Every structure is written in structure tokens, then in C-alpha cells.
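Q: Counting from 1, one number per residue, gives the positions in the sequence shown under UniProt numbering. Here it is, the structure, as C-alpha cells.
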Amino acid sequence: MERNIPLLEMKGISKTFPGVKALEDINLSLYEGEVLALLGENGAGKSTLMKILSGVYQKDDGKVIIQGTEVDIKNVKEAEKLGISIIHQELSVLPNLTVAENLFLGNEKINKLTKKLDRKTMNSMCKDYLKQIGCNVEPDEYVKNISIGEMQMLEIVKAISKNSNLIVMDEPTTALTDTETENLFKVVKMLKSKDIAIIYISHRLDEIFAICDRINVLRDGKYVGEVKVKDVTKDDLITMMVGRKMEEQYPYKEPTNVTPILKLKDICLDGILKSINLEIRAGEILGMSGLMGAGRSEVAKVIFGEYKKTSGSIEINGKQVNINCPKDAINNGIAYLSEDRKKEGLILPLSVKENMTLASLDKFEKKTFRISKAEEKNIVDEYIKKLSIKTPSQDQLIKNLSGGNQQKVIIAKWLIQSPKVLIIDEPTKGIDVGAKKEIYDVLNALKAEGKAVIMISSDMPEVLGISDRVVVMHEGRITGELSRKEATQESIMKLAIGE
Ligand SMILES: Nc1ncnc2c1ncn2[C@@H]1O[C@H](COP(=O)(O)OP(=O)(O)OP(=O)(O)O)[C@@H](O)[C@H]1O
Ligand SMILES: [Mg+2]
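Written out as C-alpha cells, the structure reads:
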């Protein structure tokens, strides 16, 4: 294909935040109809670079050139005028507006005669857009009532509807089911065929191989290089990203001392969970597999007291316990890391330190009932190191951390409590390959200390890689339990679809 001027060139881009050099002399170029992957570890600078392109942040230095002309993008509106739209890593939909109102926010359709909002047109256009990507939400549904996956689809539709010629997708699939992801890929191919260019950010390398043409790699705010997808292997990419070869991605340790600790007996929940019987064992990592909506998070939330079971009982060390709220669960040594970190996990206006120690302040309380500052600081430092959390200090506001590093802070928050039973829901969502391994190491250490770990995950290699046992759910039931030996991609899939 004849290629003249690139659609976009970014040259020598630099950006510094207080205490952080986020980008240093970054280059990037992109042609019409091309899908470019932007790859790099958590905190490498991917989102920052894209926020500069879309007018959210201002660069300190460098040039942005669109179709041969240098431009100065001062805000989001200007970026949109230049044909650039972005799907942000953090969802930015408004819960108290409807789906259609969100879609047309700032570009509302007005009826020329009545001068009022033309809801009919907005709803029907919205429905068409959603259909294109295989999403069946109703346009007049309030956004607070739709799932995270559907919110993500709405963000995607928002970007598509702006008729941009360049769309940035910053980790668009973290909240999507496999089917939704497939639909998104179809949309990407459709956009590509219309000569629209896409910059695609994801920590899932499979996705990059499936839809991207070229890959641009960043490391620690610096430009590492650019490769064609057809010229590289996954291992090459990992080496470029982390700057060294990675040994075993899934470190597995034989369990040493496995004993039953928690038992679920005939647990039912409002027609969602149907007679769940499950033994949870100390000294073991139990993987929970199943398709999205199979009921895995609901099981977790019943154990954690967030949902009230309709019937059934829970035993800890052979004794029946009453868990009616999360406080009861925490008092019984149970911790739960939710999959929706923004809604349930993080307190954005607080610091890294405060977010990490919030749930375990009593640990640091001395007889004076005041928190031992020194102790708190030491523990926080320990976990910043253990999980390689990238932050200039403990006092940095958590909202300034990159997405993956925020996730690590939440993981640390629960690890600090040193629970007897730790339930983690999609723990490595948005986490880079290097940091994933660090998280697995921590989970293995917990297992060796005799803690019970329940890992809910849609990442099949991860489930197979580090679980001692796998239970699979389908439509609110446990359809099977597999030993580490029996668990394979196929055996899990069969149970997950209810065969
Ligand atoms: N508003 C901000 N204030 C201060 N520091 C920031 C701000 N935004 C980003 N940073 C810092 O800049 C660096 C790059 O962050 P960025 O979000 O671009 O990373 P990323 O590559 O998108 O990572 P991830 O894969 O985790 O999403 C990080 O060290 C981050 O903490
Ligand atoms: Mg990011």
C-alpha cells in the first residue's frame, strides 16, 4: 500500500508531574486504517501519552502533527474537532443519566420546533449504535442500573459516534466478557475498513496479536521501540516491556499443609445461587472459574456478608458462624477484594498510605488509641516494595497513580490485614505481566503461611497456572471441581458452559 503522510505523528513528547517524569522524548506515528498497540508496564506512561493526544493533559515538550500540520491541542473539545476521541481507562459515564443521555452528553439532539430535547431521535440513534457492537441495553435505562461491561460498551459507542478518524482505546476490555470482547474486535475491524486509525492499549497480549498491526513499546516513560506484530513473539514483547527475560510466568508451589477451614452448605441466594456446597482449605489456592455472570462474585459476596443468603449455612473450623455483614466477615478473618475497584475498592481523594491502611487501622492502634505512625509507614513501605508499586511517595494521592498501580494498592490493603481467608476477584485485571508474577508470588507466600486463598478469575492461563484446585460455576451452580491435574482449558470450558 502507498503510504504518504502519517495521520498522526508525536515527536519528542515529554511530561513531568510533581516527583514523576512520566514521559521522556516519546515518538509515535500512525497511518489511516492502522491499529497501533501501545504497550508497557503499569506506570510506563501509556495513558499519559494518550491524555496529551486527547487534550486532557498538556505536554511539556515535543510536537503533535496531524496529517503533516503541527497542532496544539488545548482541551478535549479541540481534540474532538481534530477527529480524535478516546475511551478512557477509567469509566467516565454518569450514573444518574440514561444511556442515551450519556451518549449525547454535550451533543444533545434538540427538536427544532419545540426547542426541547428530542429524546425519540436520541434513543433510536443510541439503540442503533449499541446494536452495532452487539449490546442490548435499553437507551432509556439509567446508567447506574447497567453492568460494568455495559458501561464499557457505552464508552466505546460514545467514541464511535463522534465520527472520529482516530480512536484511542485505553484498556477497553478489562470489564468485558469474552463475547463482548469478540464484538469489540469486530467493531475494530469495521472501523479499520473505514480507514479509521486506532491506538489500542491492553495488558492482554493475545488481544494485541489478534487485532493490531504494529506495536510501540514504552518503559518507564521512555520509548523502547516499535515492531510489527507479524515479526514478534509474546516472549519478545515481554522482554521489550520489562527489560529482561521473564522466567516462569506462573510460579507454582506444591502445598505443604492443607486443612479444611471454611464450609459452605447448601447456600442459596434469591434464585441466583442454587445450593452451593464448597469446602475451602487453608494452605491452598482455590481457583474459581466460569463465564461472566455464573455467580462466582455472588458466592464471594455471600461469604463476605455483603449479600444475605436465602438459605444454607457457613461453618468455620467446624462451627457454624453468622455472617450478616462485612464487619462480621472481617472479624472472622475473611477478606474480599472486589472486582470493581473504583466503586468498591478505592477512595480517590486519599493518599496511597491511607488507602492501604484504612481497613486495618486497628492493627496500628496502641493503648493510647492512636495509630503508630512509624509502624504504619514501615508496613506501607514494605508493600510498596513487595508489589513494586510505582509512586513518588506514600503520600501521593491514589488518583494520580496509573490504573495498574492503583490495583496493587488495593491488593496490599487486604494483604496487610493478613486474613485467614482471602477472596480475590479478578486480581490481575489491568496488571502488567511482570507485576502479575509478583502478585502470584504473594499469593503463594500466603498459601505457604497456611492462609486460604480463593481466586476468582476469567484469565484461564492464570487459573491453570497457580491454582491447587479449581471449581467451575455455571448459572448459579457449581458444575464441577477439578484437581490441578485434571484442570485443563477444555475440562474447565465444558463445565463452564454447563455440559
Ligand atoms: N495526574 C497525575 N499526577 C501525578 N502523577 C501522575 C498523574 N498521572 C499519571 N501520573 C504518573 O505518571 C506515570 C505514568 O502513568 P500512566 O497512567 O501514564 O501509566 P500507564 O502506562 O497508563 O500504566 P497502567 O498500565 O497501570 O495504566 C505514573 O508513575 C503515574 O503515577
Ligand atoms: Mg493506563
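Positions of the beta carbon are idealized from the N, C-alpha and C atoms, including for glycine. Keep in mind the model is a prediction, meaning the values are calculated, not measured.
I'd like to know whether the C-beta atoms of Ala37 and Asn183 end up nearer to each other than 8 Å.
A: Taking 8 Å as the Cβ cut-off, Ala37 and Asn183 do not qualify as a contacting pair.
Q: Count the CB pairs spanning the region 94 to 102 and the region 119 to 127 that are closer than 8 Å, and state whether there are at least three.
A: Because the criterion of three Cβ pairs below 8 Å is met, the region 94 to 102 and the region 119 to 127 touch.
Q: Looking only at C-alpha atoms, which of Glu426, Glu481, Leu348, Pro419 sits nearest to Leu401?
A: It is Leu348.
Q: Please list, in chain order, all residues of the same chain as Thr479 whose beta carbon is under 7 Å from its beta carbon, the five residues on each side excluded.
A: Same-chain partners within the cutoff: Val472, Met473, Leu495, Gly498.
Q: Would you say the beta carbon of Ser402 is closer than 7 Å to some non-hydrogen atom of ligand 2?
A: Checking the Cβ of Ser402 against ligand 2 gives yes.
Q: Return helix, strand or coil for Pro95, following the three-state DSSP convention.
A: It is coil, neither helix nor strand.
Q: Quick one: measure Cβ to Cβ for Ile133 and Met151, integer angstroms, because I've assumed they're closer than 8 Å.
A: Going by Cβ atoms, the distance from Ile133 to Met151 rounds to 13 Å, so no, they are not a contact pair.
Q: Following a CB-centred definition, is Lys390 positioned closer than 7 Å to any heavy atom of ligand 1?
A: The answer is yes for Lys390.
Q: If I follow the unbroken alpha helix (DSSP H) through Ile398, where does it start and stop?
A: Looking at the DSSP string, Ile398 is not in any alpha helix (DSSP H), and its letter there is neither H nor E.
Q: Under 8 Å, do Glu490 and Ile456 count as touching if we go by C-beta distance?
A: The answer is no: Cβ separation not under 8 Å.
Q: At what residue ranges does the region 104 to 161 contain a whole run of the alpha helix (DSSP H), taking only runs of 4 or more?
A: Fully enclosed alpha helix (DSSP H) runs of 4 or longer: 119 to 132, 148 to 160.
Q: Taking only heavy atoms of ligand 1 into account, decide whether any of them is closer than 7 Å to the Cβ of Ala44.
A: The answer is yes for Ala44.
Q: Sort Glu41, Asp340, Glu354, Gln394 by Cα distance to Glu90 and report the nearest one.
A: Measuring from the Cα of Glu90, the nearest candidate turns out to be Asp340.
Q: Could you tell me how far apart the beta carbons of Gly305 and Asp266 are, in whole angstroms, since I believe they sit closer than 8 Å?
A: Not a contact, Cβ separation roughly 18 Å.
Q: Thinking C-alpha only, which one of Ser372, Ile238, Val299, Ile66 is nearest Leu337?
A: Checking every option, the nearest Cα to that of Leu337 belongs to Val299.
Q: At what residues does the alpha helix (DSSP H) containing Val302 begin and finish?
A: Element bounds for Val302: 296 to 303.
Q: Span of the beta strand (DSSP E) holding Ser275?
A: Counting along the chain, the beta strand (DSSP E) containing Ser275 begins and ends at 273 to 282.
Q: Give the single residue among Lys11, Ile334, Ile208 whose Cα lies nearest to the Cα of Thr69.
A: Ranking the options by Cα distance to Thr69, first place goes to Lys11.
Q: Can you list, in chain order, the residues of its chain whose CB lies under 7 Å from that of Cys212, leaving out five sequence neighbours each side?
A: Closer than 7 Å at Cβ, skipping near neighbours: Val35, Leu36, Ala37, Tyr200, Val229.
Q: Which first and last residues belong to the alpha helix (DSSP H) in which Ile52 is found?
A: Element bounds for Ile52: 46 to 53.
Q: Where does Asp170 sit, in a helix, a strand or coil, going by DSSP?
A: Strand, per DSSP.
Q: Quick check: what's the CA-CA separation for Tyr31 versus Leu387?
A: Their Cα atoms are separated by approximately 38 Å.
Q: In the DSSP output, which residue or residues are listed as bridge partners for Ala197?
A: In the DSSP output, where bridge partners are listed per residue, Ala197 has Leu166.
Q: Take Val380 and list the residues in its own chain whose beta-carbon comes closer than 6 Å to its own, dropping the five residues that flank it on each side.
A: Cβ within range, chain order: Lys353, Met356, Gln394.
Q: May I ask you to report which of helix, strand or coil DSSP gives Asn75?
A: Coil.
Q: What's the call for Ile110, buried or exposed, on a 16-neighbour Cβ count within 10 Å?
A: It counts as exposed.
Q: Check Ser418 in the structure and name its three-state DSSP category.
A: Coil, per DSSP.
Q: Using beta-carbon positions only, say whether Ala197 and Leu7 come within less than 8 Å of one another.
A: Result yes, Cβ atoms of Ala197 and Leu7 sit closer than 8 Å.
Q: If Ala175 and Ile146 are in contact, beta carbons under 8 Å, what's the gap, nearest whole angstrom?
A: The pair is not a contact, with the Cβ atoms about 11 Å apart (cut-off 8 Å).
Q: Per DSSP, which one or two residues make a beta bridge with Phe17?
A: Per DSSP, Val20.
Q: Following a CB-centred definition, is Ser54 positioned closer than 7 Å to any heavy atom of ligand 2?
A: For ligand 2, not one heavy atom lies less than 7 Å from the Cβ of Ser54.
Q: With the cut-off set at 8 Å, would you say Leu82 and Thr48 are in Cβ contact?
A: Going by C-beta atoms, Leu82 is not nearer than 8 Å to Thr48.
Q: Which first and last residues belong to the beta strand (DSSP E) in which Met246 is found?
A: Neither: Met246 is in no beta strand (DSSP E) and is coded neither H nor E.
Q: Can you round the beta-carbon distance between Asp468 and Pro255 to whole angstroms, since I take them to be within the 8 Å contact cut?
A: The Cβ separation is near 5 Å, so the contact holds.
Q: Apart from the five residues just before and just after Thr310, which ones in its own chain have a Cβ nearer than 7 Å to its Cβ?
A: So the qualifying residues of the chain are Cys268, Leu269, Asp270.
Q: Can you tell me which of the three DSSP states Ser467 falls into?
A: Coil.
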